[in-house]
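Residue numbers (the working numbering): 92 to 452. Quick reminder that beta carbons are idealized off the backbone N, C-alpha and C, glycines included.
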């Protein structure tokens, strides 16, 4: 089972989570533990939500029959959110491939978007080269590295990611590029779907600021300390968001986490709840577009869960349009994972085991 503070001081159970004293303690801990400045990156996330200009060489690409976003880790999560968004708006299917090779059905009528923040991700570079051999249209999304170099040499369009922060923090930038790309190819309407989200997430940034005691994000992190999060998506449209929560718990909080989705989990995983569920704490992600059947299924499942694990936290989306609702849940998860890192006494930015793995490959 995950211990609450194996890495550092953290916030001890007797420390007040609220009130003036609690606020001072939270601000102090953030200053001491967040040495690489993840808080500043989180606060600036809403500013990433703006559609960038698209270069003529991208606009001149043929209209694809389907799109494939290839990448792994933090570079791929923007593709997951984009896929969910496109499924509601476009007849053009979007697939996200996390792996080493492309499926056989990727052909010249497929647009391959290769995303690697560093430009050095081996899996993405392998799929990029495979797409070139198949003569598929390609767009590279990167800050530089080998991916940009190979793309420029082959006269393949490049959309540049901004900044120097870790890949998982560029979701807004990546998503904005993908939406602008789809609009330039007339796959979705030309309106700006990010304006509402930018406003709402700016409000949430103030709500979750350490000077305001972190709001509900800190309260939830307090409840999750010492447990293993199980992130359950209330429906398939929230599956990508659940994946994001898991990744942020892994990389920011340095804890294991697992995901599943309704209704599938009610047909298999629920049986596992007959075992020892004490280490687990459920985080249930919900959206206002639940059907009556969804709501009934979720309620019945929660009744079976509540007394079998450490607790259940429900998080509901905010906003009106789908993209805003998805991003409101994403942003909440980013802050919860951030504060869980602070409570555990670990700097949320470094990812030493990933760096060690890369050195061994």
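Item                                                                                                                                                                         : Value
With DSSP as the reference, label residue 157 as helix, strand or coil.                                                                                                      : strand
Check whether the segment 156-170 touches the segment 131-146, counting contact only when three or more Cβ pairs, one atom from each stretch, lie closer than 8 Å.           : no
Alpha carbons only, please: which of 155, 419, 281, 341 is nearest the one belonging to residue 165?                                                                         : 341
Would you kindly report the start and end of the unbroken beta strand (DSSP E) that includes residue 342?                                                                    : It is not in any beta strand (DSSP E) - residue 342 carries neither H nor E in the DSSP assignment.
Let me confirm a value: residue 391 is counted as buried when at least 16 other C-beta atoms fall within 10 Å, else exposed. Which label applies?                            : exposed
Would you mind sorting residue 335 into buried or exposed? The rule is 16 or more other CB atoms within 10 Å of its CB.                                                      : buried
Using C-beta distances below 8 Å, list every residue in its chain close to residue 215, excluding the 5 sequence neighbours before and after it, in chain order.             : 161, 162, 163, 166, 205, 206, 207, 238
If I measure Cβ to Cβ from residue 62 and keep anything under 6 Å in the same chain, skipping five residues before and after, which residues do I get?                       : Any question about residue 62 goes unanswered here, given that the chain covers just 92 to 452.
What are the uninterrupted segments assigned as beta strand (DSSP E) that are 3 or more residues long and contained completely in the segment 320-394, given in chain order? : 349-352, 371-377
Among all the DSSP beta bridges, which residues are the ones paired with residue 221?                                                                                        : In DSSP, residue 221 forms no bridge with anything.
On a CA-only basis, which of 360, 358, 354, 321 is nearest residue 348? Give me that one, please.                                                                            : 321
Does residue 245 pass the burial test, meaning 16 or more other C-beta atoms within 10 Å, or should it be called exposed?                                                    : exposed
Thinking just about the alpha-carbon of each residue, which of 374, 281, 278, 274 is nearest to the one in residue 308?                                                      : 374
Going by Cα to Cα distance, which pick from 379, 423, 326, 186 is closest to residue 306?                                                                                    : 423
Report the partner residues of residue 201 according to the DSSP bridge assignment.                                                                                          : 157
Secondary structure at residue 411, three-state DSSP: helix, strand or coil?                                                                                                 : coil
DSSP three-state label for residue 209, please.                                                                                                                              : coil
Could you give the DSSP three-state label for residue 233: helix, strand or coil?                                                                                            : strand
In the DSSP assignment, what are the bridge partners of residue 314?                                                                                                         : Its beta-bridge partners do not exist; DSSP assigns none.
The alpha helix (DSSP H) with residue 449 in it runs from where to where?                                                                                                    : 443-451
Mapping the DSSP letters down to three states, classify residue 108 as helix, strand or coil.                                                                                : The predicted position of residue 108 is uncertain, since its pLDDT is 43 and thus under 50; no value can be drawn from it.
Who are the Cβ neighbours of residue 156 in its own chain at under 6 Å, not counting the five residues just before and after it?                                             : 200
What are the boundary residues of the beta strand (DSSP E) that residue 167 is part of?                                                                                      : It is not in any beta strand (DSSP E) - residue 167 carries neither H nor E in the DSSP assignment.
Taking the CB atoms as reference points, tell me whether residue 412 and residue 327 lie closer together than 8 Å.                                                           : no
Would you identify the three-state DSSP class for residue 118, choosing helix, strand or coil?                                                                               : helix
What distance in whole Å lies between the Cβ atoms of residue 376 and residue 329, which are believed to be in contact at a cut-off of 8 Å?                                  : 5 Å
Can you tell which of 154, 134, 443, 421 has the C-alpha that lies nearest to the C-alpha of residue 275?                                                                    : 154
Going by the CB atoms, is the gap between residue 346 and residue 420 shorter than 8 Å?                                                                                      : no
Checking 8 Å against the spacing of the C-beta atoms, do residue 304 and residue 113 come in under that value?                                                               : yes
Going by the CB atoms, is the gap between residue 190 and residue 211 shorter than 8 Å?                                                                                      : no
Can you tell which of 372, 385, 388 has its C-alpha closest to the C-alpha of residue 400?                                                                                   : 372
Output the boundary residues of the beta strand (DSSP E) element that contains residue 188.                                                                                  : 185-188
Tell me where the alpha helix (DSSP H) around residue 250 begins and ends.                                                                                                   : Note, residue 250: premise wrong, no alpha helix (DSSP H); beta strand (DSSP E) at 249-251.
Could you give the residue range of the alpha helix (DSSP H) that holds residue 297?                                                                                         : 286-298
Are the beta-carbon atoms of residue 225 and residue 251 separated by less than 8 Å?                                                                                         : no
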